[in-house]
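Chains as they are written, first to last, in this note's numbering: chain A, 595 to 779; chain B, 303 to 545. Note that the Cβ used here is the ideal one computed from N, Cα and C, for glycine as well. Bear in mind that the values here come from a model prediction, so they are computed numbers and not experimental data. Read the structure below first, then the notes.
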Amino acid sequence: VTSTSGHRTDEDLLRGLAARDLSSLGALYDLYSRVGFALAYRILGEAETAEDVVQDAFLAAWRGAATYRRERGSVRNWLLSIIHHRAVDVLRRRTAFRPAPLEDAERHESEADTFGEADRNVRGAAVRQALADLPDAQRTTIELAYYGGYTQTELAELMGVPLGTVKGRMRIGLQKLRRALEALR
Amino acid sequence: LSIEHREAVELLEAYALEALAPPEAEGVRTHLRACASCEAHVAELSEVVFALPEGLSGPQPARALRDRIMEAARLAGPSPRRWSLPSAAAVRRLVPLAAVLVGAIALAAAVDARRQLEGVRGEFREYQEIATQVSMGGRWWYMAGVEQFAKSGGSLIASGDRALVVFHDLAPVGAGAHYTVWLIAADGRWVRAANFAPADRPVQSVALAQHVDDFVQCAVTVETSESGRRTGPLVMQSRVFAP
Chain A
595 VTSTSGHRTD EDLLRGLAAR DLSSLGALYD LYSRVGFALA YRILGEAETA EDVVQDAFLA
655 AWRGAATYRR ERGSVRNWLL SIIHHRAVDV LRRRTAFRPA PLEDAERHES EADTFGEADR
715 NVRGAAVRQA LADLPDAQRT TIELAYYGGY TQTELAELMG VPLGTVKGRM RIGLQKLRRA
775 LEALR
Chain B
303 LSIEHREAVE LLEAYALEAL APPEAEGVRT HLRACASCEA HVAELSEVVF ALPEGLSGPQ
363 PARALRDRIM EAARLAGPSP RRWSLPSAAA VRRLVPLAAV LVGAIALAAA VDARRQLEGV
423 RGEFREYQEI ATQVSMGGRW WYMAGVEQFA KSGGSLIASG DRALVVFHDL APVGAGAHYT
483 VWLIAADGRW VRAANFAPAD RPVQSVALAQ HVDDFVQCAV TVETSESGRR TGPLVMQSRV
543 FAP
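Dropping the structure here:
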């Protein structure tokens, strides 16, 4: 996925970052801060730390733009990967804390302000529908892994199933999501 | 550390979801460098995984976050390879102080004011220089103010054996009190790194006498004693642990 800001592609913006052009950083922030913050907030369940994680990730991109390699994925995915990694790291360091059960997380979200854009976003609606269409066990496994910061071994223990079952749920669940989302490409 | 192809194939979904323990993830990474088919499969899986956040709803980031990030990037300097003038925003922040100093020079013969102005310039050059080094591989932690100190904040920047904190919008403290900068170790130990009084200006930098390499977080409190354990209220603390 390559977005554009004005006439500039993501790669143009990254080159701008490497050249220390602040307008490129601002443009990149405007493109991806919302989805990045949504990801960090979903993992951490708390806005202030989610903002710190997003700040940390954008500054890491600012400092490390020269290390970005296009062949390893889009700029958007690179940024989301940094945000996910940092957020999960914060979560795992909260030794006495684990994310709330999914039902609680959903309730928390519904109390918060929603993105008007996200609700209108066809892609967002398609992702939500694709996840909702998965069997509970596959959806829960994927969400706990990606948003809960659990390793597959921890998930096997948590869910009381063999490790092979966790792997199978991840594999089949991601296959189904891939098929469901292919139509959007 | 390397793993066989058959074993790697079993781990690719968890790898794409970042749900592997570090040694397993490193094993997969090593395998991917030598296996084009697994690398291509992970790329496809990653596209699916990175689509997941599109479906999220929730609060938006605060408007101030953008300014915070842009200001922190500005502090890192326009170019890591050449000396540069202070940014426009930094100049704007220094203008009131400079105006006061220039006025003082004109009105009061100026020796002290000139010294102060040189001090400000030197301080600015110092954090520009350290920030530039950080942009090439140092450490950077942001501390957000809490509760009644919510408008304040500070960025600890460190490179090699030099470290300083650039604070913004510090509030005055009561008579006999001062701010204390603490470094926090992974085992929870707090080590005092600096005591300082707030200056009456928007941006203030404080040099640290302590190496930061062995620490994972930093914080600031209001204290009344120059040494000893923390007893005063928390002003700000970094929440993201240093990598």
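Assignment of Q362(B) by DSSP, reduced to helix, strand and coil, places it in the coil class. Shown here for L611(A): same chain residues with a beta carbon closer than 8 Å to its own, the five before and five after excluded, namely S618, L619, L622, A655, W656 and A659 in chain order. Residues of chain B whose Cβ lies closer than 8 Å to the Cβ of E642(A) are, in chain order, A446 and R541. According to the DSSP assignment, S457(B) belongs to no alpha helix (DSSP H) but to the beta strand (DSSP E) extending over G455 to S461. The C-beta of L607(A) comes no closer than 9 Å to any C-beta of chain B. Note that the C-beta distance between A310(B) and L334(B) is below 9 Å. When Cβ pairs closer than 8 Å are counted between the two stretches, the region 313-324 of chain B is seen to touch the region 728-748 of chain A, the count reaching three or more.
If you draw a straight line from the Cα of G455(B) to the Cα of G534(B), it is about 17 Å long. Between L466(B) and V508(B), the C-beta spacing is below 9 Å.
Under DSSP, the beta-bridge partners assigned to N497(B) are T482(B). For R686(A) and G743(A), the gap between their C-alpha atoms comes out near 7 Å. Cβ-Cβ separation between A495(B) and V483(B): approximately 5 Å, consistent with a contact (criterion under 8 Å).
Secondary structure note for Q519(B): it is in no alpha helix (DSSP H), and the uninterrupted beta strand (DSSP E) holding it is F517 to E525. Taking CB atoms only, A364(B) has a neighbour in chain A less than 9 Å away. Nearest C-alpha to E528(B) among S339(B), L314(B) and H480(B): H480(B). Distance from the CA of E349(B) to the CA of R370(B), rounded to the nearest whole angstrom, comes to 30 Å. Just so you know, the alpha carbons of A739(A) and I637(A) end up roughly 10 Å apart. Across the set A488(B), A511(B), A473(B) and G360(B), the C-alpha of A473(B) shows the shortest separation from the C-alpha of T523(B).
Under DSSP, L466(B) shares a beta bridge with I459(B) and A509(B). Where Q539(B) is concerned, there is no enclosing alpha helix (DSSP H), although the beta strand (DSSP E) around it starts and stops at L536 to S540.
Judged by DSSP in its simplified three-state form, A777(A) adopts coil rather than helix or strand. In the structure shown, the three-state DSSP call for G329(B) is helix.
The Cβ-Cβ distance between S359(B) and A632(A) falls below 9 Å. Between the region 720-729 of chain A and the region 362-377 of chain B there are fewer than three inter-stretch CB-CB distances shorter than 8 Å, so the stretches are not counted as touching. G667(A) places its beta carbon 9 Å or farther from that of A488(B). By the 16-neighbour rule on beta-carbons within 10 angstroms, P325(B) is exposed. Contact annotation: in the region 336-363 of chain B, residues whose CB is within less than 8 Å of a CB in chain A are A345, E346, L347, S348, E349, V350, V351, F352, A353, L354, P355, E356, G357, L358, S359, G360, P361, Q362 and P363. Taking the C-beta atoms as reference points, A651(A) is found no nearer than 9 Å to L616(A). With the criterion set as a beta carbon lying under 7 Å from some beta carbon of chain B, the members of the region 624-650 of chain A are S627, R628, V629, F631, A632, L633, Y635, R636, A641, E642, T643, E645, D646, V647, V648, Q649 and D650, in sequence order. Secondary structure of A318(B) (DSSP, three-state): helix.
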